[in-house]
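Working notes, beginning with the structure itself.
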Amino acid sequence: MDALACLPHRGWRVVSRHSQKRASMRGCSRLWIQSTAARQSLTIDTSPSGQQVLLFTEFIRGTPMRGSEMTEGKHENRCPLSAVDRRLGDVHRHWHEAERGYFDPESFRISIQTTIQTLRTVTFILQNNKRLFTDFDPWYESWQDRLRAEPLMRWMVDARNKIEKQGDLEAHSFVRAEIMASYYEEGPRMEVPAELFQSPAELINGISTEALRKHVFKDGILRIQRRWVENSLPDYELLDAVGIAYGKVAELVADAHRQLGLEPPSTMVGDIDRTEGEGSRGGRLPCMIGHGDARSHDVWIATGQPMAIESRAIKFDRESAEQAATKYGLDPKGIFPSTDPAPEATLNGLFATARKMFSVDGHHDTIAFLLKGARPVNLRQLALQEHGEKYLVMRMLANEVIKYGADGVIILSEIWSARYDSSNPYRRAADAPEREEFLSAILVTKTGIPVQQLALIMRDGDGVTLGETQTLRDQPQIAFAPIYAAWGRAIPNAWFEATTMGARDASSGEGTTTSV
Ligand SMILES: [Zn+2]
Ligand SMILES: [Zn+2]
């Protein structure tokens, strides 16, 4: 088995525990909603007629993906570095043991220490294979210099020495409580030793203005997260730190393969090749990104109810996709302009398609596309029932951007838009008396300006028509702030200003005049 293969243990599902009413109220025949009584959760599935989504899936499947030439078995059989690959695979396995044992101090202590020790042995085994290389020393020394220059990697070496010669790491468990009531990382946050954690009421009491406090109570999410932190590494959550270190060593191992003229091991999630996003993940495996979400407890402040949102990867079903293509009168092969390398061409193609689907269905799902250049590499259906969920969902989407190494994102949705009312600064557009409804597609990219296409939705009894398509450039797309952050891109000042000046906020069916 390929040392880097990873089971799809983080599959996407849409689960919402608090808003069954809203979901079924929208009456989407295309969503199957099953209530899991025991967990009081909703599972939103896209069958049988998630046709819009299926059709787009067909398009994406039709675009070329990086082929995994080397099967896992083949890589293993003929790879002279298989001892190194295998040991790196052991690190991955131990890392998951630490993740699983996170809430059991003993098992976390043992497995995280084992992970750190095992990680160190990967380079020892590599050094023992130096005879395979024609010019090992200068190549390896340049890597050593590079890794020694990183404080985190020096810490890993010291930590391993400490574990083997002195005793345990001094890891402490903390609870971080944080309020998320915007797309920016600005919420009040506190971190206290787990045994001292009482209640988050303090946090909420610390909010200064009345208007913001009201907003937080209506739309805010309280996130409570357990974190292990080591005394001498205070800026990192320990499991995350080890994941980052794994990534650096994995990059070294990949480069060792290239030195020998070999194809580096591919990253498989299930049977899908996910090697492509490796650079943006810093060599980490997709499962090592956003792992904190899984052990966060998110509470919707308005109701005190727990929230759990996961997106769902759409399963391909050719037959249904073909039916959908017929229904909308579309040719799956003719939608994405394969010759135009600009992501805006993809935006145009998608919006034209969305208009056709909307005209047939009278509604449009909220769908996010991850792009590499102009080419969609993945899509997610986002099921958003409450405003506050968007804060979480956009952060999760940002993690997917890192996992896939995406450099563009398009979100297709219906939005509300309304004039900003300074006497009511936190009001959503959806709640405004004079609001307008649009079909919208927003493109953001790693380096370009945001582009949005819009068409006014005019409803007349049961009938529905769309206005002309208009294109807007460089609008503040506040909801995409977490994605800009994932790209290491500064949030434009205009976006912060728009937070108080009022702007369309269009990542879901609920636009807002302001989106703190
Ligand atoms: Zn994994
Ligand atoms: Zn190998």
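So the number in our numbering is just where the residue sits in the sequence shown, counting from 1, plus 4.
Ideal placement from N, C-alpha and C gives every residue a C-beta, glycine not left out.
Note that the structure is a prediction, hence the values are computed from the model and not measured.
Excluding the 5 residues preceding and the 5 following residue i in the sequence, name in chain order all residues of the same chain whose CB lies nearer than 7 Å to its CB.
| i | result |
| --- | --- |
| Q263 | F137, W143 |
| A502 | P480, I482 |
| R180 | R193, E195, Q229, R231 |
| H98 | S115, T118, T119, T122 |
| W499 | P480, I482, A485 |
| K134 | F140 |
Could you please give me the residues that DSSP links to residue i through a beta bridge?
| i | result |
| --- | --- |
| A459 | L443 |
| Q229 | R180, S300 |
| T271 | According to DSSP, T271 bridges with nothing at all. |
| R193 | E182 |
| G237 | As written in the sequence, residue 237 is Leu, which differs from the Gly given in the question. Answer is E234. |
| I276 | V273 |
| T449 | G412 |
| A175 | E234 |
| D464 | G467 |
Nearest to residue i by CA position, among the options, is which residue?
| i | options | result |
| --- | --- | --- |
| L351 | R477, R227, D365, P437 | R477 |
| T456 | D466, I415, S363 | The identity of residue 456 in the sequence shown is Gln, whereas the question assumes Thr. That would be I415, whose Cα lies nearest to the Cα of Q456. |
| D464 | L289, G366, R379, R439 | G366 |
| F373 | G409, F362, E393 | G409 |
| V468 | R493, S177, H368 | H368 |
| E241 | L151, I305, E103 | E103 |
| A358 | D259, Y332, A346 | Y332 |
| G452 | K394, E348, M361 | E348 |
| R379 | V413, E404, G274, R399 | V413 |
| G308 | F221, N235, A325, H261 | F221 |
| P437 | S427, A445, K450, R423 | R423 |
| Y488 | H295, D344, R399 | R399 |
| T127 | A258, C83, I116, G105 | A258 |
| D335 | P496, H98, I129, A356 | A356 |
Please work out which residues of its chain come closer than 8 Å, Cβ to Cβ, to residue i, disregarding the five sequence neighbours upstream and downstream, and give them in chain order.
| i | result |
| --- | --- |
| P123 | The sequence shown places Leu at residue 123, rather than the Pro named in the question. Cβ within range, chain order: V95, M160, R164, V246, A249, Y250, V253. |
| T125 | R91 |
| Q121 | R164, I167, E168 |
In the DSSP assignment, find the unbroken alpha helix (DSSP H) run with residue i in it and report its ends.
| i | result |
| --- | --- |
| I495 | First-last for I495: undefined, no H or E at that position. |
| K252 | 242-263 |
| G93 | 86-104 |
| G353 | 347-365 |
| F112 | 109-132 |
| T330 | 322-332 |
| E418 | Run containing E418: none in the alpha helix (DSSP H); it sits in the beta strand (DSSP E), 412-422. |
| P142 | 140-152 |
Just the Cα atoms here: how many angstroms apart are residue i and residue j?
| i | j | result |
| --- | --- | --- |
| G171 | D244 | 22 Å |
| I371 | K169 | 53 Å |
| K407 | V381 | 11 Å |
| S86 | M194 | 45 Å |
| S284 | M311 | 29 Å |
| L237 | V88 | 28 Å |
| G224 | M184 | 6 Å |
| I461 | E441 | 5 Å |
| R384 | L447 | 15 Å |
| N132 | F140 | 11 Å |
| S421 | D297 | 31 Å |
| E404 | R288 | 13 Å |
| R299 | V273 | 21 Å |
| K394 | L388 | 7 Å |
| L401 | T449 | 14 Å |
| H261 | S115 | 28 Å |
| Q327 | Y188 | 41 Å |
| R439 | D425 | 12 Å |
| P268 | G286 | 15 Å |
| R150 | L216 | 46 Å |
| D344 | L375 | 14 Å |
| I293 | G281 | 12 Å |
| A329 | P454 | 29 Å |
Locate the beta strand (DSSP E) running through residue i, then write down its first and last residues.
| i | result |
| --- | --- |
| N382 | 379-385 |
| R158 | Counting along the chain, R158 falls outside any beta strand (DSSP E), though it belongs to the alpha helix (DSSP H) covering 155-169. |
| A215 | Counting along the chain, A215 falls outside any beta strand (DSSP E), though it belongs to the alpha helix (DSSP H) covering 214-223. |
| F373 | 371-376 |
| Q481 | Segment: none, Q481 is in no beta strand (DSSP E) and carries neither H nor E. |
| T475 | 474-477 |
| M311 | 309-311 |
| G467 | 467-470 |
Spatial neighbours of residue i within its chain, please: C-beta separation below 6 Å, excluding the five flanking residues on both sides.
| i | result |
| --- | --- |
| E182 | G191, R193, R227 |
| A459 | L443, L470, G471, T473 |
| Q56 | M361, D369 |
| A510 | With a pLDDT of 36 at A510, under the threshold of 50, the modelled position of that residue is not reliable, and no figure is offered here. |
| S111 | G105 |
| P84 | L136 |
Does the CB of residue i have a neighbour CB from chain D at under 8 Å?
| i | result |
| --- | --- |
| R493 | Within the model displayed, chain D is absent; a lone protein chain is all it includes. |
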